[in-house]
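J.: Here it is, the structure in full.
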Amino acid sequence: MLTRPADTPPCAAWAIGIAVIVAVLPLWLVPGVAAYFDWPLHLFWIQEFSRAVGQGTAYPRWIAAANGGYGAPTFVFYGPLAYWLAAAATACGASALTALKLVYTTAVAVGAFAAWRWYRVFGGTAAAMPAAAAILSPPLLMLIYRYNLPAAALATALSPLVLLGAWSARRGAGVAAIGVPFACVLLAHLPSALMLGVALALLALPDLASAEGRRRIVTIAAGLGLGFALAAFYWLPALWELRYVHAEALLGGALDWRRNLLFDPSIDSLHRARGDGLYLEATALTLAAALAAAWVFVERSASATSSDRAAIRRLGVAAFVLLALATPLGTAFYRYVPGAAQLQFGWRWLPLFALVAGAAIALAVRHAGPASRLAAVALASLPPAAFALSLPLVCGGGIVLPPVARTTPAQIAWALEAPRLDPPEHVPRAAPLGLMRNSGPAWTTLRGEATVTLLEDRDERRVWDVRAADEATVRVKTLCFPGWAIEVDGAEVATSCDRIGALLFQLPAGDHRGVQAFRSTVDRLVATWISLCALLALVVLVVMEARCPRLRHRE
1246 MLTRPADTPP CAAWAIGIAV IVAVLPLWLV PGVAAYFDWP LHLFWIQEFS
1296 RAVGQGTAYP RWIAAANGGY GAPTFVFYGP LAYWLAAAAT ACGASALTAL
1346 KLVYTTAVAV GAFAAWRWYR VFGGTAAAMP AAAAILSPPL LMLIYRYNLP
1396 AAALATALSP LVLLGAWSAR RGAGVAAIGV PFACVLLAHL PSALMLGVAL
1446 ALLALPDLAS AEGRRRIVTI AAGLGLGFAL AAFYWLPALW ELRYVHAEAL
1496 LGGALDWRRN LLFDPSIDSL HRARGDGLYL EATALTLAAA LAAAWVFVER
1546 SASATSSDRA AIRRLGVAAF VLLALATPLG TAFYRYVPGA AQLQFGWRWL
1596 PLFALVAGAA IALAVRHAGP ASRLAAVALA SLPPAAFALS LPLVCGGGIV
1646 LPPVARTTPA QIAWALEAPR LDPPEHVPRA APLGLMRNSG PAWTTLRGEA
1696 TVTLLEDRDE RRVWDVRAAD EATVRVKTLC FPGWAIEVDG AEVATSCDRI
1746 GALLFQLPAG DHRGVQAFRS TVDRLVATWI SLCALLALVV LVVMEARCPR
1796 LRHRE
């Protein structure tokens, strides 16, 4: 059985710490961030999410400033974890840009710790170098320096902790070691969590052959179930309320799953046209060659046990299947698995492929032996070689990759001040796409006359005094979506939608106090109760493990 030491030697901590500094230093030395596609949205979301948190909303689901001021239920559907971290940074005085960079720095630091924990199961203390190389290699850094995806970067950084918990189930680890990090991945980036589930299934598949293995699968399934339950307050409404937005815009066509698959010259890919495809393919081939060499080395090593050989085969097969899903070999997966088409980009599998392949490399490192001079040289060269492969990303391209521009202060100011149009898949179905404009006041009287005085203005709650000379129809500059309710003098009034989906309500003559509030719907309440019950179950599990030594994680 694979074992690992419980201590962390100082040299390992130094190696990983230096790798973290090297990985994030260009982020802080170079002004701005990569100006790649959705970068204005991420900065705008950080600003608005943080502002809503500052207003007292612990989980802001509605962004009032989106879509020209008509709003959007952005964080009903988009994972909030990275934006909670950013909100904590802005609460301490950081700008939206600094908060984004702090999220990336946190992701790299967490990823370093997680990779070390995951790899030392296989490589012992010598796994520090593969862990440092993992932080400096393209699969994580491309999410930061090339594509500027904070949620996906954070989910990738957390993924090794889930893999560690699932693998440690064979040594007696409990469901909490799987459930808690998996819940964090779900809250960071739902597509990454679903892809991580595929990786876990591939690693656990051989356990079906034995009764003990099937018990481990039950433990893993229970851990994943706990993670789903802990994060239910986010993902359950996100899936249920897709019916109320233009979700069809996310798929973008029947063949959208073929977009950006690697190693397929017949597809006119956007990334291939920019040169990204060739770079990602070279990265994948480099990792695949290292994995194949590690596999052969362990199979032929005299010191390798049967457990070691079984582990390298399991890791190798899982890694190559994950790589295949990034290529046309994964066509059936995208075509026939429900929801798989929403993953959209084949290169998203590369970080998971690298994590599993790195474990196999760490296992080979352990069997090379500390006394081998050649092995020592190879270990020392891993981080600089990985960073050399990442240099085109860190430098913004220009030689191997086409250049990606950096944001300027003027562009950042524009992104934060100009009203953003949310992605069409976040726009409520009551609003036809493309009709919203940033014009008109927050309230408009369509029939009759009324004077509105705003008393409180928050993203999910507005209070106003209104004086109507006669009965009036009032149009509120907020898109119709489940949860919005309007009260007049303490009584809820019926609402309807105009031709572009804005709220309408009838107002009787006289002086009134009105309240517009974004309330919890039934699905959100049920999901919240599921998460609270799961949190209680987690506390019970932790107490049981603390009181029962047999249930504790055995190092």
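First residue of the sequence shown: 1246, per this note's numbering; consecutive thereafter. Note that CB positions come from ideal geometry on N, CA and C, so glycine has one too.
Rounded to whole angstroms, what's the CA-CA distance from ARG1296 to ALA1333? Just pull it up for me.
T.: Rounded to whole angstroms, ARG1296 to ALA1333 spans 11 Å at the Cα level.
J.: Apart from the five residues just before and just after SER1382, which ones in its own chain have a Cβ nearer than 7 Å to its Cβ?
T.: ALA1599, ALA1631, LEU1634, SER1635
J.: From what residue to what residue does the alpha helix (DSSP H) around ARG1460 run?
T.: 1456–1475
J.: Is the region 1455–1465 close to the region 1767–1778, with three or more CB pairs under 8 Å?
T.: Look at the beta carbons and you see the region 1455–1465 not touching the region 1767–1778: under three pairs across the two are nearer than 8 Å.
J.: Within 10 Å of its beta-carbon, does PHE1282 have 16 or more other beta-carbons around it, so buried, or fewer, so exposed?
T.: Of the residues assessed, PHE1282 falls on the exposed side of the cut-off, its CB having fewer than 16 other CB atoms within 10 angstroms.
J.: Leaving out five residues before and five after LEU1447 in sequence, what residues of the same chain have Cβ atoms less than 6 Å from its Cβ?
T.: Counting only residues of its own chain and dropping the five nearest sequence neighbours on each side, LEU1447 has a CB closer than 6 Å to the CB of ALA1563, VAL1566.
J.: In whole angstroms, what is the alpha-carbon distance linking ALA1396 and VAL1760?
T.: 34 Å
J.: Take ASP1756 as the anchor and find which of PRO1375, TYR1392, GLY1410, VAL1697 has the nearest alpha-carbon.
T.: The option with the nearest alpha carbon to ASP1756 is VAL1697.
J.: Spatial neighbours of VAL1787 within its chain, please: CB distance less than 8 Å, with the 5 preceding and 5 following residues excluded, ordered by chain position.
T.: ALA1421
J.: Specify, as a first and last residue, the run of the beta strand (DSSP E) that ARG1707 falls within.
T.: It spans 1706–1713 - the beta strand (DSSP E) in which ARG1707 sits, taken as one unbroken run.
J.: Can you tell me which of the three DSSP states HIS1434 falls into?
T.: Coil, per DSSP.
J.: Using 8 Å as the threshold, is the C-beta distance between TRP1594 and ALA1571 below it?
T.: The answer is yes: Cβ separation under 8 Å.
J.: Which of the three DSSP states, helix, strand or coil, is assigned to SER1741?
T.: strand
J.: Consult DSSP for ALA1675 and reduce its assignment to one of helix, strand or coil.
T.: Secondary structure at ALA1675: coil, using DSSP grouped into helix, strand and coil.
J.: Rounded to the nearest angstrom, what separates PRO1753 and GLU1716 at their Cα positions?
T.: 4 Å
J.: Mind listing, in chain order, the continuous alpha helix (DSSP H) runs of no fewer than 4 residues lying wholly within the region 1286–1346?
T.: 1319–1322, 1326–1336
J.: Excluding the 5 residues preceding and the 5 following THR1350 in the sequence, name in chain order all residues of the same chain whose CB lies nearer than 6 Å to its CB.
T.: Hits under 6 Å: VAL1269.
J.: Could you check whether the Cβ of LEU1403 sits closer than 7 Å to any heavy atom belonging to the ligand FAD?
T.: Here there are no bound small molecules, and the ligand FAD is not part of this structure.
J.: Roughly how many angstroms lie between the CA atoms of ALA1660 and THR1343, to the nearest whole one?
T.: Cα to Cα, ALA1660 sits roughly 14 Å from THR1343.
J.: Are the CB atoms of GLY1299 and TRP1307 nearer to each other than 8 Å?
T.: no
J.: Would you please state the rounded distance, in angstroms, between the beta carbons of LEU1345 and ALA1331? I believe it to be under 8 Å.
T.: 6 Å
J.: To the nearest angstrom, how far is the alpha carbon of GLY1356 from that of CYS1742?
T.: 46 Å
J.: Check for me: the beta strand (DSSP E) holding VAL1756 runs from which residue to which?
T.: What sits at residue 1756 in the sequence shown is Asp, not Val. Per DSSP, ASP1756 belongs to the beta strand (DSSP E) from 1755–1763.
J.: Which first and last residues belong to the beta strand (DSSP E) in which ASP1702 is found?
T.: Looking at the DSSP string, the run of the beta strand (DSSP E) that includes ASP1702 is 1695–1703.
J.: Which value, in whole angstroms, describes the spacing of the CA atoms of ALA1647 and GLY1641?
T.: It should be noted that the sequence gives Pro, not Ala, for residue 1647. Distance between the alpha carbons of PRO1647 and GLY1641: 8 Å.
J.: For CYS1256, name the three-state secondary structure that DSSP assigns.
T.: Looking at CYS1256 - three-state DSSP - the assignment turns out to be helix.
J.: Using the C-alpha atoms, what's the distance from PHE1367 back to ALA1260?
T.: 18 Å
J.: Taking C-beta to C-beta, are GLU1705 and PRO1305 nearer than 8 Å?
T.: Yes, they are a contact pair.
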